[in-house]
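Taking our numbering, the leading residue of the sequence shown gets 4, the next gets one more, and so forth.
Ideal placement from N, C-alpha and C gives every residue a C-beta, glycine not left out.
Presented below is the structure to which this report refers.
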Amino acid sequence: MSAFVTKSICGGVGCAGVVGTGVYAATKYNEKAIVTVGDHLEKELKLKLISSLSKEESTLKAQWDAEFSVDKEAAKKVIGEVTDNEGGNKLREWCERQLSMDIKDFKDLSNIKRWCVVGKNIDRLPKGKSALNSQSQQSDWETIYNSAENQKQENRKKFGLPNPKDEQNKSTDIQKIKSSCDSKKDEEFLASTKETSYDLFLNWCTKS
């Protein structure tokens, strides 16, 4: 960027912090250079594109289907009305178009970050759900602990609670649940691990 352009953007004040604001995407790249949204997300923001997950078509299809399924209503407002069977593919096509465009044409990348990159479990919560955390009420954790679904021994074992439910172990179990939830919230949302990661996070670590 030339000194003149820099001065015009910064005005009479220092430029510290300016590059991190909305000016960033518009000024970081040479005006004549074409830098795609995909390049910007990967190289500058260090995000992992869903399209880079695998060369296996079946793996990619499963991921796109999973992405659509957890956020279908919001996605439909952007990509248009589609059936559940078509949703994953349509979302993929939408992302491919957005990622190939020039970054200088964008001011808001929120939906692209939401649907076109690999996110964390906590980023993929359905509408109406919120994650429990260390600040949550103890009663919220007890509701999770006492839910009929989570009392099943099979489900307890999947979540790392090998012993049958016992009131004497309640405090210890709830502490284990809190610890596991703290880890699972930051695990990648992947179709390949959905049953052992995201589904468990949804059942044990969230409330409506």
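Where the alpha helix (DSSP H) containing residue i begins and where it ends
i      : result
ALA77  : 75-82
LYS93  : 87-102
THR39  : That residue, THR39, is in no alpha helix (DSSP H); it is neither H nor E in DSSP.
ILE147 : 141-149
SER113 : 113-118
GLN156 : 156-161
Buried versus exposed, by CB contacts within 10 Å (16 or more), residue i
i      : result
ILE37  : exposed
ASN166 : exposed
GLN66  : buried
LYS197 : buried
LEU48  : exposed
GLN154 : exposed
THR24  : A caution first: THR24 carries a pLDDT of 36, below 50, which makes its placement in the model too unreliable to give a value.
THR209 : buried
GLN101 : buried
ASP74  : buried
LYS187 : buried
ALA194 : buried
GLY20  : Interpretation of GLY20 is limited by its pLDDT of 41, a score under 50 that renders its predicted location unreliable; the figure taken from the coordinates is listed afterwards. GLY20 is exposed by the Cβ-count criterion.
Those residues which DSSP pairs with residue i across a bridge
i      : result
GLU60  : GLU60 is not bridged to any residue.
GLU191 : LYS123
ALA134 : THR209
ASP105 : THR39
Cα-Cα separation between residue i and residue j, rounded to whole angstroms
i      : j      : result
LEU203 : GLU60  : 26 Å
ILE53  : ILE147 : 32 Å
ASN92  : GLU84  : 13 Å
CYS184 : LYS173 : 16 Å
MET104 : ASP176 : 49 Å
SER113 : SER200 : 24 Å
PHE192 : LEU135 : 17 Å
LYS3   : THR39  : The question about residue 3 has no answer here: the residues shown for the chain are numbered 4 through 211.
ALA69  : GLY122 : 12 Å
ALA29  : ARG117 : For ALA29, the predicted model reports a pLDDT of 47, less than 50, meaning its position is unreliable and no value from the coordinates is stated.
ASP143 : ILE106 : 43 Å
VAL26  : PHE162 : Confidence in VAL26 is poor, its pLDDT being 43 and thus under 50, which makes the residue's placement unreliable; the coordinate value appears in the next sentence. The alpha-carbon atoms of VAL26 and PHE162 are separated by roughly 45 Å.
GLN141 : GLN156 : 22 Å
LYS58  : GLU99  : 15 Å
GLU96  : SER72  : 16 Å
ARG2   : LYS168 : Past the edges of the chain, shown from 4 to 211, lies residue 2, and the structure says nothing about it.
Supposed contact pair residue j and residue i - C-beta distance, whole angstroms, cut 8 Å
i      : j      : result
ILE82  : LEU94  : 6 Å
GLU152 : ASN206 : 6 Å
LYS181 : LEU164 : With 8 Å as the limit, LYS181 and LEU164 do not qualify as a contact, their Cβ atoms being about 12 Å apart.
GLU190 : ASN124 : 5 Å
LEU297 : VAL120 : What is shown of the chain runs 4 to 211, which leaves residue 297 out entirely.
SER211 : LYS132 : 6 Å
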